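Numbering (our numbering), first residue to last: 469 to 821.
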């Protein structure tokens, strides 16, 4: 038996006569709402009118069916696909790409920065020279000054022969030595050095030691240096001079000597050389190659101060042209010499006779 129809609220509608509502008459075609099909009596299923389609029948697209792009399907650019610049692609600058500065880019110092030695240090030789004397003065006793005492002391050696301007390195600071005295020279002991007054003095020496191969052979030498450690009477020779005096290599053997006149071994005029460092308020200069040792030098009537290193000095304005020097030797001779330009080395053209 079929159950009476219900409203949406579940209560039976008020009863009406069958004739009064043909729409509800069983003889008419029942609507799905009033008379459901027999299959739905026991287990009626919601009609499409009463219940809209359920999510089960029309589910929305699931993530499985329409997944968002996965990292696998759309991965971000990998280091393999877009690698950073490798050292191979952008290597550091190689020595070939950045070579060190070449000599062209870094030239050596110019002559202005490293000038060659000036004429002051290497003056020209005298304008006139005689042939050099014998390397050893045979019979040198003839050059001994009359009345000279004989001195005895150690004979040693300290220097090879030098160039004509090599005396700059010694205490007498000679800018020029002639060919004989570049080989045959000696240093005087401090006691007889006399604050440089011995510079240019000559002596005749010989060996008196039994160990000497050469005995009592007179050799003329010029004093160009000081031997501070030598005792009074001692001489420190050049190697050529020591060999000539003793006949043996450098040693310490007893020698004797006297002061001598070596004027005949000097040729040319006295050499003038300005001293470096001279200026508008102070001037100094050297004199070399004099035939007799110097007693004094004056400029404008004023005697100049003499250094033990053999430069003569004064305070005053720098001369702007030629000036005259009055030079006196230890023998009492006086000569006048004209210097053309203070800063230019020159042969004065005069010497003691």
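Positions of the beta carbon are idealized from the N, C-alpha and C atoms, including for glycine.
Quantities reported herein were computed from a predicted structural model and do not represent experimental measurements.
| query | Does DSSP put residue 627 in a helix, a strand or coil? | reply | For the purposes of this step, residue 627 is taken as the residue at position 159 of the chain shown. Reduced to three states, the DSSP call for residue 627 is strand.
| field | For residue 747 and residue 824, the rounded distance between their alpha carbons | value | Here the chain has residues from 469 to 821 only, and residue 824 is not among them.
| field | Burial state of residue 489, where buried means 16 or more other Cβ atoms lie within 10 Å | value | Residue 489 sits at position 21 when you count from the first residue of the chain shown. At residue 489, the pLDDT of 38 sits below 50, so the modelled position is not reliable and the matter cannot be decided from this model.
| said: Using only the alpha-carbon positions, how far apart do residue 802 and residue 756 sit? | reply: Within the chain shown, the letter at position 334 stands for residue 802. Within the chain shown, the letter at position 288 stands for residue 756. Each residue's Cα considered, the two are about 16 angstroms apart.
| query | In chain order, which beta strand (DSSP E) runs of at least 3 residues are fully inside the region 632-666? | reply | 653-657
| field | Backbone CA spacing between residue 426 and residue 650 [nearest angstrom] | value | Within the shown structure, residues of the chain are numbered from 469 to 821, placing residue 426 beyond reach of any answer.
| query | Looking only at DSSP bridge pairs, what is residue 796 linked to? | reply | Translated into the one-based positions of the chain shown, residue 796 becomes position 328. Partner(s): 764, 802.
| said: Can you tell me whether residue 728 is helix, strand or coil according to DSSP? | reply: On the chain shown, residue 728 is found 260 positions in, with the first residue counted as 1. Of the three classes helix, strand and coil, the one that applies to residue 728 here is strand, per DSSP.
| request: Kindly give me the distance between the Cβ atoms of residue 703 and residue 675, rounded to whole angstroms, as I take these residues to be in contact under 8 angstroms. | output: As a working mapping, residue 703 is identified with position 235 in the chain shown. As a working mapping, residue 675 is identified with position 207 in the chain shown. Contact doesn't hold; Cβ gap of about 11 angstroms is too wide.
| field | Contact the region 678-686 vs the region 753-770: 3+ CB pairs below 8 angstroms | value | no
| query | Where do the N-terminal and C-terminal ends of the beta strand (DSSP E) with residue 740 fall, by residue? | reply | Translated into positions along the chain shown, residue 740 becomes position 272. Note, residue 740: beta strand (DSSP E), 739-742.
| query | Among residues of its own chain, excluding the 5 on either side of residue 699, which ones have a beta-carbon nearer than 8 angstroms to its beta-carbon? | reply | By 1-based counting over the chain shown, the position of residue 699 is 231. Hits under 8 angstroms: 621, 622, 657, 659.
| field | Pick from 810, 774, 716, 771 that is closest to residue 744, judged by C-alpha positions | value | Taking the chain shown and counting its residues from 1, the one referred to as residue 744 is at position 276. Taking only the C-alpha atoms, the option nearest residue 744 is 810.
| When we look at the beta-carbon of residue 631 and count the other beta-carbons within 10 Å, is it buried (16 or more) or exposed? | Your numbering for residue 631 matches position 163 in the chain shown. With fewer than 16 Cβ atoms within 10 Å of its Cβ, residue 631 is classed as exposed.
| message | With H, G and I counted as helix, E and B as strand and the rest as coil, what does DSSP make of residue 791? | response | In the chain shown, the residue the question calls residue 791 occupies position 323. In the structure shown, residue 791 sits in a strand (DSSP, three-state: E or B).
| field | Local conformation of residue 778 per DSSP, three classes | value | Sequence index remark: in the chain shown, residue 778 carries index 310 (1-based). Residue 778 falls in the coil class under three-state DSSP.
| field | Through-space distance from residue 639 to residue 807, alpha-carbon basis | value | By one-based count along the chain shown, residue 807 stands at place 339. By one-based count along the chain shown, residue 639 stands at place 171. Distance between the alpha carbons of residue 807 and residue 639 is about 25 angstroms.
| Tell me, which residues are paired with residue 807 by DSSP? | For the purposes of this step, residue 807 is taken as residue 339 along the chain shown, with counting starting at 1. Residue 807 pairs with 791.
| message | Among the candidates 641, 691, 646, 615, whose CA atom is the shortest distance from the CA of residue 734? | response | The residue given as residue 734 occupies position 266 in the chain shown. Comparing Cα positions, the closest option is 646.
| According to the neighbour-count rule (16 or more other Cβ atoms, all chains shown, within 10 Å of its Cβ), is residue 689 buried or exposed? | What you label residue 689 is simply residue 221 of the chain shown in a count that begins at 1. Buried, by the Cβ-count rule.
| message | What would DSSP say about residue 702, mapped onto helix, strand or coil? | response | Taking the chain shown and counting its residues from 1, the one referred to as residue 702 is at position 234. The answer is coil: DSSP assigns residue 702 none of H, G, I, E or B.
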